[in-house]
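Take 11 as the starting number for the sequence shown in the working numbering and just add one per residue.
Every residue gets a Cβ at the ideal spot worked out from N, C-alpha and C, and that includes glycine.
Comments concern the structure below.
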Amino acid sequence: MAGSDARSRAVARLFGIDERTLHRHLAAQKTSFRDLVDEVRYDLAQQLLRNTVIPLDKIAEILDYSEVSACTRAFGRWSGISPGQWRKGQAGQTLQRSFG
């Protein structure tokens, strides 16, 4: 991911610790900076797909992906389906909740 090192340095600075210390703390929790970024991206992608009609290319841009295909691959890795399929499934669930 482009800028990952810069982001982890910035987060470490926010906590007033060295970047290596941040990575050690994350490793002690059996996670990594990249895992946390992925988790936040997945959560935000779900919110945007569920609650907006923003097209996928704009969602990819919001999530800081350089290409829509990279965003689509990541979403598939997280959820097992494409963002479009996920969005359609959410629309169906919303209708069921409304009329069920």
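Query raised in the report: Counting along the chain, where does the alpha helix (DSSP H) carrying E29 start and finish?
Result: E29 to A38
Query raised in the report: Considering V78, what are the terminal residues of the alpha helix (DSSP H) in which it resides?
Result: V78 to S89
**Report entry** Short Cβ contact (9 Å threshold) for S134 with F85
**Finding:** Past the edges of the chain, shown from 11 to 110, lies residue 134, and the structure says nothing about it.
Report task. Would you grab the beta carbon distance between L59 and R97 for me? Rounded to a whole angstrom, and I think it's under 8 Å. Result -> At roughly 4 Å, the Cβ-Cβ gap stays under 8 Å, so L59 and R97 are in contact.
Query - Exposure label - A12; buried when at least 16 CB within 10 Å - result: Here the model assigns A12 a pLDDT of 47, short of 50, so the residue's position is not dependable and the matter cannot be decided.
Query raised in the report: Which word fits F43, buried or exposed, when buried means at least 16 other C-beta atoms lie within 10 angstroms of its C-beta?
Result: With 16 or more other Cβ atoms within 10 Å, it is buried.
Report task. Look at L36 and D28 and say whether their C-beta atoms are less than 9 Å apart. Result -> L36 is not a Cβ neighbour of D28, given a cutoff of 9 Å.
Query raised in the report: How is S18 classed by DSSP in three states: helix, strand or coil?
Result: helix
Report task. Thinking L66 and V50 are a contact (beta carbons under 8 Å), I'd like their distance in whole angstroms, please. Result -> About 18 Å; that fails the 8 Å criterion.
Query - First through last residue of the alpha helix (DSSP H) which encompasses Y52 - result: F43 to N61
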